[in-house]
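What follows is a single structure, written as structure tokens, with notes after it.
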Amino acid sequence: MADTLVIVESPAKAKTIGKYLGKKYIVKASMGHVIDLPKSQLGVDIDHNFSPKYITIRGKGNILKELKETSKKVKKVYLAADPDREGEAIAWHLARVLNIDEREKCRVVFHEITKKAIQEAFKSPRPVNHHLVDAQQARRVLDRLVGYKISPLLWKKVKKGLSAGRVQSVAVKLIYDREKEIENFIAEEFWTVTLYLESKEELFEAKFYGYDGKKIQLQSKEEVDELLASIKDQPIIISEIKQSERRRNPAPAFITSSLQQEAARKLNFKAAKTMQVAQQLYEGIELGKEGTVGLITYMRTDSTRVSQTAQDEAKEYILEKFGSEYVSNGNKTEKKGKNAQDAHEAIRPTSVFRTPDSIKSFLSRDQLRLYRLIWERFVASQMAQAILDTMTVDMTVGSKKAIFRSTGSKIKFPGFMKIYIEGNDDNKKEEDRILPPLEEQELVKLQKIEPEQHFTQPPPRYTEARLVKTMEELGIGRPSTYAPTIDTIQKRGYVKLEDKKFVPTELGILVIELMEEFFPEILDVEFTAQMEDNLDKIEEGSLEWVNVIRDFYEDFEKRLSYAEKEMEEVELKDEVSDEVCEKCGRPMVYKMGRFGKFLACSGFPECRNTKPIVKSLNISCPKCGGEIVERKGKKKVFYGCSNYPNCDFISFDKPLPRPCPKCGNLMIEKKSKKETVYQCTDCDYKETVQ
Numbered sequence: 004m005a006d007t008l009v010i011v012e013s014p015a016k017a018k019t020i021g022k023y024l025g026k027k028y029i030v031k032a033s034m035g036h037v038i039d040l041p042k043s044q045l046g047v048d049i050d051h052n053f054s055p056k057y058i059t060i061r062g063k064g065n066i067l068k069e070l071k072e073t074s075k076k077v078k079k080v081y082l083a084a085d086p087d088r089e090g091e092a093i094a095w096h097l098a099r100v101l102n103i104d105e106r107e108k109c110r111v112v113f114h115e116i117t118k119k120a121i122q123e124a125f126k127s128p129r130p131v132n133h134h135l136v137d138a139q140q141a142r143r144v145l146d147r148l149v150g151y152k153i154s155p156l157l158w159k160k161v162k163k164g165l166s167a168g169r170v171q172s173v174a175v176k177l178i179y180d181r182e183k184e185i186e187n188f189i190a191e192e193f194w195t196v197t198l199y200l201e202s203k204e205e206l207f208e209a210k211f212y213g214y215d216g217k218k219i220q221l222q223s224k225e226e227v228d229e230l231l232a233s234i235k236d237q238p239i240i241i242s243e244i245k246q247s248e249r250r251r252n253p254a255p256a257f258i259t260s261s262l263q264q265e266a267a268r269k270l271n272f273k274a275a276k277t278m279q280v281a282q283q284l285y286e287g288i289e290l291g292k293e294g295t296v297g298l299i300t301y302m303r304t305d306s307t308r309v310s311q312t313a314q315d316e317a318k319e320y321i322l323e324k325f326g327s328e329y330v331s332n333g334n335k336t337e338k339k340g341k342n343a344q345d346a347h348e349a350i351r352p353t354s355v356f357r358t359p360d361s362i363k364s365f366l367s368r369d370q371l372r373l374y375r376l377i378w379e380r381f382v383a384s385q386m387a388q389a390i391l392d393t394m395t396v397d398m399t400v401g402s403k404k405a406i407f408r409s410t411g412s413k414i415k416f417p418g419f420m421k422i423y424i425e426g427n428d429d430n431k432k433e434e435d436r437i438l439p440p441l442e443e444q445e446l447v448k449l450q451k452i453e454p455e456q457h458f459t460q461p462p463p464r465y466t467e468a469r470l471v472k473t474m475e476e477l478g479i480g481r482p483s484t485y486a487p488t489i490d491t492i493q494k495r496g497y498v499k500l501e502d503k504k505f506v507p508t509e510l511g512i513l514v515i516e517l518m519e520e521f522f523p524e525i526l527d528v529e530f531t532a533q534m535e536d537n538l539d540k541i542e543e544g545s546l547e548w549v550n551v552i553r554d555f556y557e558d559f560e561k562r563l564s565y566a567e568k569e570m571e572e573v574e575l576k577d578e579v580s581d582e583v584c585e586k587c588g589r590p591m592v593y594k595m596g597r598f599g600k601f602l603a604c605s606g607f608p609e610c611r612n613t614k615p616i617v618k619s620l621n622i623s624c625p626k627c628g629g630e631i632v633e634r635k636g637k638k639k640v641f642y643g644c645s646n647y648p649n650c651d652f653i654s655f656d657k658p659l660p661r662p663c664p665k666c667g668n669l670m671i672e673k674k675s676k677k678e679t680v681y682q683c684t685d686c687d688y689k690e691t692v693q
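Below, the structure is given as structure tokens:
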């Protein structure tokens, strides 16, 4: 008979752990938090040391009842929620509800769900860590005070349904500030001049560098014309060749933020999706005869630390697969950021010998792609440096000694690059340009000169990856908060995605401008980062959580009082469209919903007519001759016939205005990271455009 109850957070984890522990253990799931602050009220007693008012979460009553009944039938209860602040808080709430002495060794933590890790964890249980609980409680109370005090003010002065948040408002401010930078940006002209050259019947190119050893930026056509005149019909002589060996280190194993960034770049995953799939890999996947196995370590971490056992296993794999020269001399890539808590290991496979290809039949497409990314990154992090031979060649031309420079490199030893190269936000490709064998004082032939005008570009808008990276660098939020924050600011309608980049909405701009005027400290990056540091100090036990909240609230209360009196009411009018409501004849207005903008009748609530926004492409439907329109689905844009539901034509690839030159039927555009292809929907005609 089972005599021990183990409580985890999810059914998937309960299933995996139950198999490892055996028949003497009952493993049940709490389904996350069971106790929390009430949604309908502030839930914080400000006059009594900010004491939280906790209640059972709606819908969790039956779960809690079952856990209580089961706990009475067993000799021992272990609380095995996730190994972070949220998990510790869940364990603390459960201990209080189930009458478990928190000082007892009732808390079990593990960072990977494998048989060995689980069994080791149950050999060394500990009491509930109150410093972790206090840090979580402080964050919860702090965010509740900000959200539940400022939001009603915005409802009253601006519009119902608005919200403000300590971290989310700073994230919107970053996007808002970037948009202002772009609007205020003044483009500056500059030019490049490229020489296309030949040596020993091999072609290469060189770009203008400067004059007489000094780097110069060409800023006008006059400067270019002067340069071209000075080098016309002049011999091009190689004046200097520099050769060197460059060593490149692998990127460290993933932390939460770098995983979200790389999954966005390489897999096109949103941060929330990355964490959802990573959770599945962490909690366990059924691998046939091997049973259910947790495939990766805990995915909410800010440390690149890797256990010695994992390093040794990786070394064994690399030695066996690639040879001794590919084994790193040590884990040189380990680093700890200034805000890192270092509570967990980096995100890595629980066994490097469980290769992506060996288990791909058990994984969904998204699971396999993310697991492969994590596995390859970890293995690469334990491999030797890459060695590149680089060459820089300077050519001097004309009396003014104009210098043109050509650079090239080739991989001498691939090292970690054998399996993985880190992505970047600017889509710059790793270039392996090999120059022909050249000699100093050699005369090279000119094939062509190409002057080209350019203009400086404004700073780029934030992608999800770039926003996560910036939040991490500035110390805004922590690993568990990046994805929910990005999700929230979109759902609130404060920002929108255009071409996978964030743009503030009119509503977002209005709220930020009001917050800047009345609650500047909430939007201050340094203030937010300092508050995160304070939460870390509470976790360490060096600060009392009530004192941190009290220090914040003294100034915050004054700001609230001032805003109540001085903030003017703002009428946020709905944008009127050209559409007329077919039910009552009144104009339709644009509204913001969960899945973006839609059209609604201005006569609401008398008339509740709504419809999606469609954009005509001026292309005939291949099925019925109607008009093809762009529609917005819940997740992505698609293209359909305006005669729907009478015509069911649909395409997720953008139709093109010109017909197929071979058969005359509809052409569509297919995009990938490497190229764009135009192809016919009926015959085999296709053309690559980039």
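My numbering puts the first residue of the sequence shown at 4, with every later residue one more than the last.
We put the beta carbon where it would ideally sit given N, CA and C, even for glycine.
Every value quoted in this text rests on a predicted model; they were computed, and no experiment measured them.
Given this structure, state the Cα-to-Cα distance separating residue i from residue j, to the nearest angstrom.
i      : j      : result
Leu231 : Pro440 : 27 Å
Arg268 : Lys421 : 20 Å
Lys665 : Cys686 : 8 Å
Asp554 : Glu529 : 16 Å
Arg106 : Ala266 : 41 Å
Phe522 : Glu509 : 19 Å
Val644 : Lys657 : It should be pointed out that residue 644 corresponds to Cys in this sequence rather than to Val. Going from the Cα of Cys644 to the Cα of Lys657 covers about 13 Å.
Lys403 : Ile234 : 8 Å
Phe601 : Arg464 : 25 Å
Ser223 : Glu453 : 15 Å
Ala124 : Leu24  : 11 Å
Thr358 : Thr691 : 35 Å
Glu455 : Val227 : 9 Å
Arg143 : Leu270 : 33 Å
Gly628 : Thr488 : 45 Å
Ser74  : Cys109 : 13 Å
Ile239 : Glu229 : 17 Å
Glu633 : Ser654 : 10 Å
Leu290 : Pro417 : 33 Å
Arg308 : Gly287 : 22 Å
Since residue i sits in a beta bridge, which residues does DSSP pair it with?
i      : result
Glu690 : Tyr681
Thr300 : Glu115
Asp539 : According to DSSP, which records beta bridges pairwise, Asp539 is partnered with nothing at all.
Asp180 : BP columns for Asp180 are empty, so no partner.
Ser3   : Any question about residue 3 goes unanswered here, given that the chain covers just 4 to 693.
Gln456 : Trp194
Met398 : Ile241 and Phe407
When burial is assigned at 16 or more other CB atoms within 10 Å of the CB, is residue i buried or exposed?
i      : result
Asn537 : buried
Val136 : buried
Glu433 : Note that Glu433 has pLDDT 47, beneath the 50 cutoff, so the model's placement of it is unreliable and no number is given.
Asp215 : exposed
Asp3   : This structure cannot settle anything about residue 3, because the visible part of the chain is limited to 4 through 693.
Arg169 : buried
Ser260 : buried
Ser54  : exposed
Arg61  : exposed
Lys1   : Here the chain covers residues 4 to 693 and nothing more, so residue 1 does not appear.
Does DSSP put residue i in a helix, a strand or coil?
i      : result
Tyr23  : helix
Val37  : coil
Lys245 : strand
Ile653 : strand
Pro523 : helix
Leu717 : No answer is possible for residue 717: it lies beyond the span of the chain, which begins at 4 and ends at 693.
Tyr565 : helix
Lys338 : Residue placement at Lys338 is poorly supported in this model, since its pLDDT is 47, which falls under 50; the coordinates still yield a value, given next. Residue state, collapsed to three classes: coil.
Lys71  : helix
Phe53  : coil
Arg129 : strand
Lys16  : helix
Asp87  : coil
Thr295 : strand
Quick one: residues in its chain with C-beta nearer than 6 Å to the C-beta of residue i, no 5 flanking neighbours on either side, listed in chain order?
i      : result
Glu205 : Pro439
Cys663 : Met670, Cys683 and Tyr688
Lys245 : Thr395
Which same chain residues end up closer than 8 Å to residue i when comparing Cβ atoms and leaving out the 5 residues on each side of it in sequence?
i      : result
Tyr565 : Phe521
Ala209 : Thr197, Leu198, Leu200, Val396, Met398, Phe407, Arg408 and Ser409
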